[in-house]
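K.L.:
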Amino acid sequence: MLKKHFLGFLRWGLRLHGISHFIEVFSAISEGAYVTASIATFFVILEILASFFIPKEHVHLKPLKS
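Heads up, the sequence shown is in numbering that gives the first Met the number 0, so the first residue is 0 and it goes up one at a time.
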């Protein structure tokens, strides 16, 4: 039960972090830094997709299992 909520929290954190990169994209575009904007856009897409497609059993903290 706790693991399910923890993974849900991590997934939403990853999504929110990806969305927050949009601020970086808009800032870079307004400054004319189009290469930076394209790199940030790539990472926005990557983080949001990863938050949805990471398998539910994928956990890096397996040694901490009781």
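Each residue gets a CB set at the ideal place from its N, CA and C atoms; glycine is no exception.
Considering only the beta carbon of each residue, do Glu46 and Thr35 sit closer than 9 Å?
P.N.:
No; because the gap between Cβ atoms is not below 9 Å, this pair is not in contact.
K.L.:
My output table needs one value for Ala32: the three-state DSSP class, helix, strand or coil.
P.N.:
The answer is coil: DSSP assigns Ala32 none of H, G, I, E or B.
K.L.:
Taking 8 Å as the limit between beta carbons, can you name the residues of its chain near Ser50, skipping five residues before and five after?
P.N.:
Taken in chain order, the residues that qualify are Arg10, Trp11, Leu13, Arg14, Gly17.
K.L.:
Just mark His20 as buried or exposed, buried being the case when its beta carbon has 16 or more other beta carbons within 10 Å.
P.N.:
Classification of His20: buried, given that the 10 Å Cβ count is 16 or more.
K.L.:
At the level of alpha carbons, what is the spacing between Glu30 and Leu48?
P.N.:
Taking the straight line joining both Cα atoms gives about 27 Å.
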